[in-house]
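Chain order of the listed sequences is F and D. In case it helps, this note's numbering puts the first sequence at residues 1 to 115. In case it helps, this note's numbering puts the second sequence at residues 1 to 114. By construction, the Cβ of each residue, glycine as well, lies at the ideal position given by its N, Cα and C atoms. Take a look at the structure below.
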Amino acid sequence: AQSVAQPEDQVNVAEGNPLTVKCTYSVSGNPYLFWYVQYPNRGLQFLLKYITGDNLVKGSYGFEAEFNKSQTSFHLKKPSALVSDSALYFCAVRDISGGSYIPTFGRGTSLIVHP
Amino acid sequence: NAGVTQTPKFQVLKTGQSMTLQCAQDMNHEYMSWYRQDPGMGLRLIHYSVGAGITDQGEVPNGYNVSRSTTEDFPLRLLSAAPSQTSVYFCASIPPGAMNTEAFFGQGTRLTVV
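Shown next as structure tokens:
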């Protein structure tokens, strides 16, 4: 079975400050991990993914995420937040050994960046 | 190349009515799925398909039917709408043979059942 947890419903950060959106996962084998962003009244857009290799993954709009196998985490980060980063962020996992192409999503974290 | 297209964008139904939410993709993706999004619940999988003629249930299938007669289309049917089915529905597709590939989402259908 595969699952993912986003422990924070909402994250508040001031513009210009670094941001972190947390995600932990559970799989029986090795994971493929994804982050998506959803702007108001829109569908989900892909941000970045971890497949293998370097634990620090860089993605769109200046976001990056760090894969930590020992802590089973994949936290999303950005060095300097923008007001336009305010959106709903989803973490998703796919268990490589499970053979399922259907990812499991977290509950989402609302990021609010204050001017 | 339009990606994943969902219609309609908005819909209001009366309790007991039936309707079909349409989803079409033009990327020749094998895997397609339907999710519902509710506040505080994230995305919950309703039904999914691994190819034409093959469908399976997800986490919350009750009250919904699907079929996959072609690779391109994956409609979701509400048989007898209930207020509990008020939600935003998303269709997604995934390319064939690529577990490390991200999903592509439609823009969503906002459904209100009164």
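query: The stretch 6 to 15 of chain D / the stretch 46 to 66 of chain F touching (three or more Cβ pairs under 8 Å); result: no
query: Given D/Gln122 as reference, the closest of D/Ser80, D/Phe74, D/Thr101 and D/Ile94 once Cα atoms are compared; result: This structure gives no information on residue 122 of chain D, because the portion of chain D shown stretches from 1 to 114.
query: Buried/exposed call for F/Leu33, threshold 16 Cβ in 10 Å; result: buried
query: Short-range partners of chain D found in the stretch 99 to 110 of chain F, where Cβ spacing is below 9 Å; result: Gly99, Ser100, Tyr101, Ile102, Pro103, Thr104, Phe105, Gly106, Arg107 and Gly108
query: Per-residue DSSP class, three states only, for F/Ser86; result: coil
query: Pair within 9 Å by beta-carbon distance, D/Thr70 and D/Val88; result: no
query: Three-state secondary structure (DSSP) of F/Tyr61; result: helix
query: Enclosing beta strand (DSSP E) for D/Arg110 [first to last residue]; result: Thr109 to Val113
query: Chain-ordered chain D contacts of F/Lys49 [CB-CB under 8 Å]; result: Asn100 and Glu102
query: Bounding residues of the beta strand (DSSP E) (the contiguous stretch that carries F/Gly31); result: The amino acid occupying residue 31 of chain F in the given sequence is Pro; Gly does not appear at that position. Start and end: Pro31 to Gln38.
query: Simplified DSSP state of F/Ser110, which is helix, strand or coil; result: strand
query: Counted within 10 angstroms of its Cβ, other Cβ atoms place F/His114 as buried (16 or more) or exposed; result: exposed
query: Inter-stretch contact at 8 Å, needing at least 3 Cβ pairs: the stretch 25 to 32 of chain F / the stretch 94 to 112 of chain F; result: yes
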